[in-house]
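A short write-up of the structure that comes next.
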Amino acid sequence: SINITNIQLDSRIRMSFHKEWFWANISLEFDIRFRLPFNNKIIQLHAHVNLVVEFWLEKDEFGRRDLAMGSCHVEPSSVNVMVLTEDIPPKMKHFIRNLRENLEKVIPLLVASQVCPLMDEILRQLDVKLLKSLL
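So the sequence shown is numbered by the working numbering: it starts at 1 and just counts up by one.
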């Protein structure tokens, strides 16, 4: 079984040169507890990814400004999974290395599929004047 705990988010919003286009850089960290199926040993891992969300101001048919979301993805170079468990038997190290490498491939897709729809919903509800006052 896999448990994900200690989720931490940190974000920064930046404005582009055109002042109508923004991007948010969201740093996401979490711990993973993985119970090995063959000996019930628990392996502790720590993961870190950066999610980039692009959005801009758009006018609706009545001239009101709304936020529209564009690209939302995990920066591939930001994915990092560290093994925290130290007492891993030599026979297990190859398995753990493969587990870590596979998690580094899967985590970006999982994070984007879960966090991007939430970001879209948040942006739809965010007041444009509030966003500009934050910047």
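Note that the Cβ used here is the ideal one computed from N, Cα and C, for glycine as well. The structure displayed is predicted, hence computed values, not measured ones.
Does the beta-carbon of Leu109 have 16 or more other beta-carbons within 10 angstroms, so that it is buried, or is it exposed?
-> By the neighbour-count rule (16 or more Cβ atoms within 10 Å), Leu109 is not buried but exposed.
Whether Leu99 touches Phe34 by CB criterion (8 Å) = Yes; because the gap between Cβ atoms is below 8 Å, this pair is in contact.
Which residues share a DSSP beta bridge with His94?
-> In DSSP, His94 forms no bridge with anything.
Please report the residue range of the beta strand (DSSP E) in which Lys59 lies.
-> Looking at the DSSP string, the run of the beta strand (DSSP E) that includes Lys59 is 42–59.
State buried or exposed for Ile32, treating a residue as buried only when at least 16 other CB atoms are found within 10 Å of its CB.
-> Ile32 comes out buried.
When you compare only the Cα positions, how much space is there between His94 and Ala24?
-> So the two alpha carbons sit approximately 37 Å from each other.
Is Met119 near Val49, with beta carbons less than 8 Å apart?
-> Taking a C-beta distance under 8 Å as the contact criterion, Met119 and Val49 do not qualify as a contact pair.
Whole alpha helix (DSSP H) runs in the segment 95–126 with 4 or more residues, listed along the chain?
-> The qualifying runs do not exist here; there are none.
Best match in Leu45, Pro37, Asn40, Ser71 for proximity to Cys116 [C-alpha to C-alpha] | Nearest C-alpha to Cys116 among Leu45, Pro37, Asn40, Ser71: Ser71.
Coil, strand or helix - Ser27 by DSSP | Looking at Ser27 - three-state DSSP - the assignment turns out to be strand.
How many whole angstroms separate the CB atoms of Glu29 and Gln44, which I take to be in contact at a CB cut-off of 8 Å?
-> Here Glu29 is actually not in contact with Gln44; their C-beta atoms are around 14 Å apart, not less than 8 Å.
Just to confirm, are Ala112 and Val74 a CB contact at a threshold of 8 Å?
-> Taking 8 Å as the Cβ cut-off, Ala112 and Val74 qualify as a contacting pair.
Can you tell me whether Val106 is buried or exposed, with buried defined as 16 or more other CB within 10 angstroms of its CB?
-> Exposed, by the Cβ-count rule.
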